[in-house]
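In this note's numbering, the protein residues as written are 8 to 264.
The C-beta atom is built at its ideal place from N, Cα and C for all residues, glycine as well.
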Amino acid sequence: MKASIPFKSAARQQDNIIAPLEKRVLAGLAARMPNWVNPDHLTCLGFAGMVLAGLSYYLAQWNSYMLLVAIAFLAVNWFGDSLDGTIARYRDCQRPRYGFYVDHIVDAFGILFLIGGLGLSGYMSPIVAMGLLLAYFLLSIELYLAVYTVGVFKLSFGIWGPTELRVLLAAGNVALMLKPNANIAGHLYLLGDIGGVVAIVVLGFLALYSSCSNTLRLYAEERLSYIDREHASTRRQRSATTCPGSFRQLRTRSQNG
8 MKASIPFKSA
18 ARQQDNIIAP
28 LEKRVLAGLA
38 ARMPNWVNPD
48 HLTCLGFAGM
58 VLAGLSYYLA
68 QWNSYMLLVA
78 IAFLAVNWFG
88 DSLDGTIARY
98 RDCQRPRYGF
108 YVDHIVDAFG
118 ILFLIGGLGL
128 SGYMSPIVAM
138 GLLLAYFLLS
148 IELYLAVYTV
158 GVFKLSFGIW
168 GPTELRVLLA
178 AGNVALMLKP
188 NANIAGHLYL
198 LGDIGGVVAI
208 VVLGFLALYS
218 SCSNTLRLYA
228 EERLSYIDRE
238 HASTRRQRSA
248 TTCPGSFRQL
258 RTRSQNG
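Right, here's the structure in full:
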């Protein structure tokens, strides 16, 4: 068997408003979960909830009550997506590399189905849905790069985290049922488009702010100073002294080239 690649866990940063209550609820659920249910089952359940929520959005173009069905599947997604890691930690059966990779690649495909269904529902324009999907993936890429380079995994921004966004989306579904259009300055717009554009702006701002913040932090930690250049020059001179033949060959090649 091939040796396992060393894995360094990133510090989880989660400050959203529901987090303390949510952690207690999840801990209680993990303690009561049957032994035959494992984290992989819950990951699959969470993914199924996201796919079925997207399908419900798609079907809502013919029956608006499917928006309420989508809320139920968002709850299923929360149950599976939030509990898979909790139960792994509770049972001390964590698989850091596998768990991180599978959890987030499944989330990526799940959000594709969810927003895709919303864009085909008639409650949000396809172009706005595409912009929302792009903004989500842009922020996700930034967060995952920060995990590797900064060692911090942000699970929330301020009081907002994944669970709060699900609650907001559920409230939006109810609003879409009651009033799918909004009149702004005499122009009629889809309420889903208004919400989608606001979400695009917020996600885009968070991606830009986070990327600038992490870039400045990494630049400060790995600054190119005059002293660094002097050290690099000294090392090159020592290398040339140690291997003069190789250095002359390299210089000859560069002159001939």
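query: For leucine 62, the nearest candidate out of Leu146, Ala115, Ile122, Ala192 (CA to CA); result: Ile122
query: Cutoff 8 angstroms; reference asparagine 188; Cβ partners in own chain excluding five residues on either side; result: Leu195, Tyr196, Leu197, Leu198
query: Enclosing alpha helix (DSSP H) for isoleucine 191 [first to last residue]; result: Premise fails: isoleucine 191 lies in the beta strand (DSSP E), 188–191, not in any alpha helix (DSSP H).
query: Glycine 92 versus methionine 184 - alpha carbon distance; result: 34 angstroms
query: Ordered list of alpha helix (DSSP H) runs contained in the stretch 130–189, each at least 4 residues; result: 133–156, 169–185
query: For arginine 19, the first and last residue of its enclosing beta strand (DSSP E); result: 18–20
query: contact_flag[the stretch 24–32, the stretch 67–84] where n(CB pairs < 8 angstroms) is 3 or more; result: no
query: Touching by the beta-carbon criterion (3+ pairs, under 8 angstroms), the stretch 33–49 and the stretch 85–105; result: yes
query: Backbone secondary structure at tyrosine 72 - three-state DSSP; result: coil
query: Beta-carbon spacing of methionine 131, glycine 193 below 7 angstroms; result: no
query: Beta-bridge partners of leucine 195, as assigned by DSSP; result: Asn190
query: Straight-line Cα distance separating serine 89 from valine 174; result: 14 angstroms
query: Stretch-stretch touch, CB-based, cutoff 8 angstroms, three pairs: the stretch 47–57 with the stretch 145–160; result: no
query: Residue range of the unbroken alpha helix (DSSP H) whose run includes cysteine 51; result: 46–66
query: Reference serine 266; option with closest CA among Leu36, Val113, Leu176; result: Missing from the structure shown is residue 266; the chain here goes from 8 to 264 and no further.
query: Nearest neighbour of phenylalanine 144, chosen from Ala206, Arg19, Gly106 [CA to CA]; result: Ala206
query: Given alanine 60 as reference, the closest of Leu49, Ser71, Val83 once Cα atoms are compared; result: Val83
query: Proline 27 - DSSP class collapsed to helix/strand/coil; result: helix
query: Outcome for proline 46 when other beta-carbon atoms lying within 10 angstroms are tallied against a minimum of 16; result: buried
query: Pairwise C-alpha distance: leucine 210 and leucine 125; result: 17 angstroms
query: Beta carbon of glutamate 149 nearer than 7 angstroms to that of alanine 227; result: no
query: Enclosing alpha helix (DSSP H) for proline 41 [first to last residue]; result: It is not in any alpha helix (DSSP H) - proline 41 carries neither H nor E in the DSSP assignment.
query: Three-state class that DSSP yields for glutamate 228 in the structure shown; result: helix
query: CB contact flag (alanine 34, asparagine 180, <7 angstroms); result: no
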